[in-house]
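Q:
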Amino acid sequence: MSSNSNNDLGEFLRDYAEWEINAFLWISLITITYLLLNKVVNLLRLWNHARKIPGPPSSSFYGHSRLLSRQRLTEVLAESHEKYGSIVKLWLGPTKLLVSVKEPGLIKEMLLKAEDKLPLTGKAFHLAFGQSSLFASSFDKVQKKRESLAMELNGRLLERGNINYAKIVDSVMERIYEIMGKGSINCRMASQQMAFTMLGTTIFGDAFLAWSKATIYEELLMTIARDACFWASYRVTPFWKRGFWRYQHLCTKLKCLTQDIVQPCRRNCKLFCNIDQGSHNETVNAGLEAAFGGPSCSDVLKPDNVLSLELNGHLNVKEEPCGNIMGVMYHGCLTTAGLVGNILERLATHQEIQDKIYSEIIMARNGSVKEDETSVDKMLLLLATIYESARLLPAGPLLQRCSLKDDLTLKNGVTIPAGAVLVVPVQLVQMDKCSWGSDAKQFNPYRFLSETGSQSDQAHSTSFAGATDEHMDPGKGSFVLNNPNDNAAFLPFGSGSRACIGQKFIIQGVATLFASLLERYEIRLQPGSENNPKPTMDNCVFQLLRSPKIVFVRRNS
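Counting along the sequence shown from 1, when you hit position 229 you're at 288 in my numbering, and nothing is skipped either side.
(1) Using a Cβ-Cβ cut-off of 7 Å (strictly less than) and excluding sequence neighbours within five positions of Asp127, which residues of its own chain qualify?
(2) Taking the alpha helix (DSSP H) that Val473 belongs to, which residues open and close that run?
(3) Among the residues of its own chain, which have a CB less than 6 Å from the CB of Leu406, if the five just before and after it don't count?
(4) Would Ser165 and Leu156 be called neighbours here (beta carbons separated by less than 9 Å)?
(5) Count the other CB atoms within 10 Å of the CB of Trp495; is the residue buried (16 or more) or exposed (fewer)?
(6) Does the pairing of the segment 138-146 with the segment 456-463 give three or more beta-carbon distances under 8 Å?
(7) So which of Ala187, Lys415, Leu440 has the shortest CA-CA distance to Ile384?
(8) Let's test the definition: count the other Cβ atoms within 10 Å of the Cβ of Ala173 and tell me whether it reaches 16, buried, or not, exposed.
(9) Taking all protein chains shown into account, decide if Asp175 is buried (16 or more other Cβ within 10 angstroms of its Cβ) or exposed.
(10) Count the other C-beta atoms from every protein chain shown that fall within 10 angstroms of the C-beta of Gly587, then say buried if there are 16 or more, exposed otherwise.
(11) Between Thr395 and Ala266, how many whole angstroms is the CB-CB distance? I'm expecting something under 8 Å.
(12) Is the beta carbon of Arg108 sitting closer than 9 Å to the one on Ser117?
(13) At the level of alpha carbons, what is the spacing between Arg301 and Thr317?
(14) Is the CB-CB distance between Ile445 and Phe573 below 9 Å?
(15) Quick one, which of Asn101, Ser159, Ser575 has its alpha-carbon nearest Arg424's?
(16) Report all residues from its chain with a CB closer than 7 Å to the CB of Ser537; omit the five preceding and five following residues, and keep chain order.
(17) Rounded to the nearest angstrom, what separates Arg579 and Gly561 at their Cα positions?
(18) Less than 9 Å between the C-beta atoms of Val158 and Ala454, yes or no?
(19) Quick one: is Val399 buried, meaning 16 or more other Cβ sit within 10 Å of its Cβ, or exposed?
(20) Quick check on this structure: which residue in Met257, Leu458, Lys437 has the alpha carbon closest to the alpha carbon of Phe564?
(21) If we count the other Cβ atoms within 10 Å of its Cβ and call it buried at 16 or more, is Ala443 buried or exposed?
(22) Taking Cβ positions, are Ile609 and Ala225 nearer each other than 9 Å?
(23) Taking the alpha helix (DSSP H) that Glu141 belongs to, which residues open and close that run?
(24) Which runs of the beta strand (DSSP E), 3 residues or longer, sit entirely within the segment 392-459?
(25) For Glu457 versus Val483, is the C-beta spacing smaller than 9 Å?
(26) Can you tell me the Cα-Cα spacing of Leu280 and Ser606, whole angstroms?
(27) At what residues does the alpha helix (DSSP H) containing Glu278 begin and finish?
(28) Quick one: give me the first and last residue of the alpha helix (DSSP H) that Leu577 is part of.
(29) For the putative contact between Ser243 and Gln585, defined by C-beta atoms under 8 Å, what is the C-beta separation to the nearest angstrom?
(30) Hey, how far is the Cα of Lys204 from the Cα of Asp545?
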């Protein structure tokens with residue numbers, strides 16, 4: 060009896076184990092089949108939606124990869140838009156759809172609805188600076204922090220008088236003269252110095268100007284910026300590559316340097332109060348501090364520092380210490396340096412514009428109540444020059460967005476499937492004659508100025524095209540500055556839900572920096588470089604040449 064019972068029990072256990080294994084295999088098979096069918100359905104759905112979007116025919120299963128290997132993407136888009144209209148598609152692969160939108164009205168609608176960014180963007184920041192929800196691809200993850208940052212930047216706009224731009228110019232010129240003593244300097248090198256010093260002082264305070272490791276920090280930041288997208292392009296993080304670990308070592312050094320400058324800023328800028336000594340608060344504050352590389356809410360004297368943007372409860376304790384600070388420095392330096400470099404080049408090659416801006420600065424200075432106070436809001440030609448420089452050379456040739464979850468249906472009836480890469484060819488849009496007139500490809504800051512009529516208090520409504528400098532001169536007549544955002548084709552700072560929330564802050568900062576610089580220095584092309592070839596347009600694409608060499612000449616008065 061006992062032997063039979065044991066045999067029955069053993070047989071039952073074997074049958075049960077066999078049943079369990081079969082059940083597991085069936086569940087796995089069903090799950091895998093479901094996932095594969097779901098991918099197939101999504102792929103068929105993608106193909107069906109894409110079939111209704113105009114674009115060049117694809118003769119290969121791999122899409123237009125051969126076409127893109129022979130021409131730059133912007134050139135391909137220029138030709139496609141000319142032939143197929145304001146919305147065109149390109150296949151980057153059998154499952155990767157790119158949709159380009161050129162018509163300003165549709166661009167505005169698309170950028171309002173497409174709130175997400177490509178995952179590659181968030182991955183680049185994550186590899187370089189650690190986990191950070193400020194630069195995530197999903198809009199849902201960044202919305203609250205963007206709102207907090209916008210509030211802080213608006214507060215900083217009201218308090219921009221606390222930043223001593225004269226000290227920034229002195230620090231920049233000391234470094235520039237040091238470089239010029241060893242050789243020459245071009246617009247790109249000078250702009251990097253100006254952007255880095257301005258942004259560093261804005262974030263860290265005056266202590267940044269006296270920081271002995273600032274040059275090392277700048278070199279590390281630029282090196283990491285150059286290689287970030289390369290390492291992020293790998294589908295799987297390349298742990299097996301030695302170069303990746305060298306890159307990670309540089310990122311670690313940057314984090315240590317960031318923490319090094321954060322400490323003196325806490326003391327010198329008086330940004331922090333005494334920490335609550337309670338054990339619970341210490342634990343919470345330490346977690347919050349690690350989340351954004353700064354103090355918790357109880358440690359800040361608002362609104363002395365832009366980096367208190369991480370407050371108001373929108374924190375993630377998993378984030379890398381100082382990660383968001385480094386992210387802001389990284390992104391801000393790249394975009395601001397590009398804008399500053401283009402302004403330097405325009406001023407050096409258009410001396411008459413520079414002379415009129417200098418007259419504006421002197422007039423504003425003479426009209427200031429305080430000796431050290433100059434309002435850039437009165438320097439209309441300077442602001443117009445900044446806008447025009449940003450229009451002619453945006454931060455990048457393409458503005459990229461995507462909708463990770465939902466399809467987008469535009470007002471013209473075109474439906475763009477979820478997951479498609481949405482791009483705006485910014486260079487094409489911002490040099491389109493339909494939006495900017497026949498002189499769209501030329502540098503003309505007067506397009507952003509309108510003359511006030513002598514017999515009316517209302518400004519004459521001038522378009523963003525065709526204004527000239529024949530009758531526009533500071534001190535003669537009255538002018539108003541057109542809001543560039545009234546033109547839907549003005550996109551150097553993006554538009555819609557993911558537009559640059561620092562646009563006003565950067566414009567005001569750059570304008571104040573140049574006002575302080577031009578008051579004391581004149582920007583000229585280096586002797587012998589006047590006849591160098593200028594940037595040109597080729598198939599509606601702005602062709603960049605080597606950055607011109609410049610010199611800074613101190614003014615006599």
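C-beta: ideal position from N, C-alpha, C; glycine also.
Treat the numbers as computed from the prediction; the structure is a model and nothing was measured.
A: Walking through what the data contain:
(1) Residue identity differs from the one stated: residue 127 is Leu in this sequence, not Asp. Result list for Leu127: Val135, in chain order.
(2) Careful: Val473 lies outside any alpha helix (DSSP H) and carries neither H nor E.
(3) Around Leu406: Gln413, Ile582.
(4) Strictly speaking, residue 165 in this sequence is Leu, with Ser absent from that position. It is not a contact, given that the beta carbons lie outside the stated cut-off.
(5) buried
(6) no
(7) Ala187
(8) buried
(9) buried
(10) exposed
(11) Actually they are not in contact, since the Cβ atoms of Thr395 and Ala266 sit about 20 Å apart, beyond 8 Å.
(12) Inspection of the sequence shows that residue 108 is occupied by His rather than by Arg. No.
(13) 25 Å
(14) yes
(15) Ser575
(16) Close CB contacts of Ser537 within its chain, under the 7 Å cut and outside five residues either way in sequence, are with Thr511 (chain order).
(17) 27 Å
(18) no
(19) Looking at its Cβ environment, which holds 16 or more other Cβ atoms inside 10 Å, Val399 is buried.
(20) Met257
(21) buried
(22) no
(23) 132-143
(24) If we require 3 residues or more, the segment 392-459 turns out to have no beta strand (DSSP E) run fully inside it.
(25) Rather than Glu, the amino acid found at residue 457 in this sequence is Leu. It is a contact, given that the beta carbons lie within the stated cut-off.
(26) 21 Å
(27) 273-291
(28) 562-579
(29) The Cβ separation is near 6 Å, so the contact holds.
(30) 26 Å
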